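The block underneath contains the structure these notes are about, expressed in structure tokens.
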């Protein structure tokens, strides 16, 4: 498991570019909101901690993780953002729905990364159960939202 013995919230601020002056879009799935709100908090707080201004962070909600691709595309087209963080949570159920949503969401975000000049960070938990999601959205493994924010900052300044 990738998160064993790893705290997703750990970062060395000295190695992170200053985010002051950068604009970020955060698109948040309303499905599994107890998880996605924790991920949003982790991302938002890390961006602020690394110098981003609250006025330079735009949040949009979408119904579920499947809609993150469209929401991220619209964010890129409507706002001058330096990076987008797509936040979602899909938890394994009894049907193949999990596989279809996870695959489509990952492929859609990948497609945005190769067809636009704005990085879209994949912050979608794809867990086997709710406990795993809790542990990665502010629980014992830290917060994947924090990790996504650091990736967004690094990708926003890539090549500048």
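In our numbering, the protein residues as written are 1383 to 1542.
For every residue, glycine included, the Cβ atom is placed at its ideal position computed from N, Cα and C.
Note that the structure is predicted; figures quoted are calculated from it, not measured.
CB contact flag (residue i, residue j, <8 Å)
i            : j            : result
residue 1502 : residue 1533 : no
residue 1504 : residue 1516 : no
residue 1424 : residue 1525 : yes
residue 1523 : residue 1389 : yes
Cutoff 7 Å; reference residue i; Cβ partners in own chain excluding five residues on either side
i            : result
residue 1373 : As shown, the chain starts at 1383 and ends at 1542. That puts residue 1373 outside it, with no answer to give.
residue 1486 : 1448
Close beta carbons around residue i, own chain, < 6 Å, minus the five adjacent residues each side
i            : result
residue 1484 : 1472, 1508
residue 1488 : none
For residue i: DSSP bridge partner residues
i            : result
residue 1443 : 1410
residue 1548 : Since the displayed the chain opens at 1383 and closes at 1542, residue 1548 lies outside it and no answer follows.
residue 1525 : 1519
residue 1502 : 1466
Among the options, the one whose alpha carbon lies nearest that of residue i
i            : options                : result
residue 1440 : 1482, 1493, 1458, 1470 : 1458
residue 1531 : 1480, 1479, 1429, 1511 : 1429
residue 1391 : 1455, 1420, 1496, 1477 : 1420
residue 1498 : 1462, 1519, 1478       : 1462
residue 1518 : 1395, 1442, 1422       : 1422
residue 1480 : 1413, 1540, 1438       : 1413
residue 1418 : 1442, 1397, 1398       : 1442
C-alpha gap between residue i and residue j, whole angstroms
i            : j            : result
residue 1432 : residue 1535 : 9 Å
residue 1527 : residue 1494 : 19 Å
residue 1416 : residue 1435 : 25 Å
residue 1395 : residue 1456 : 31 Å
residue 1426 : residue 1513 : 23 Å
residue 1437 : residue 1453 : 19 Å
residue 1520 : residue 1393 : 15 Å
residue 1478 : residue 1446 : 16 Å
residue 1397 : residue 1540 : 14 Å
Contacting residues, own chain, Cβ-Cβ under 8 Å from residue i (five flanking each side not counted)
i            : result
residue 1450 : 1409, 1411, 1444, 1468, 1469, 1470, 1487, 1490, 1491, 1506
residue 1511 : 1473, 1474
residue 1400 : 1432, 1433
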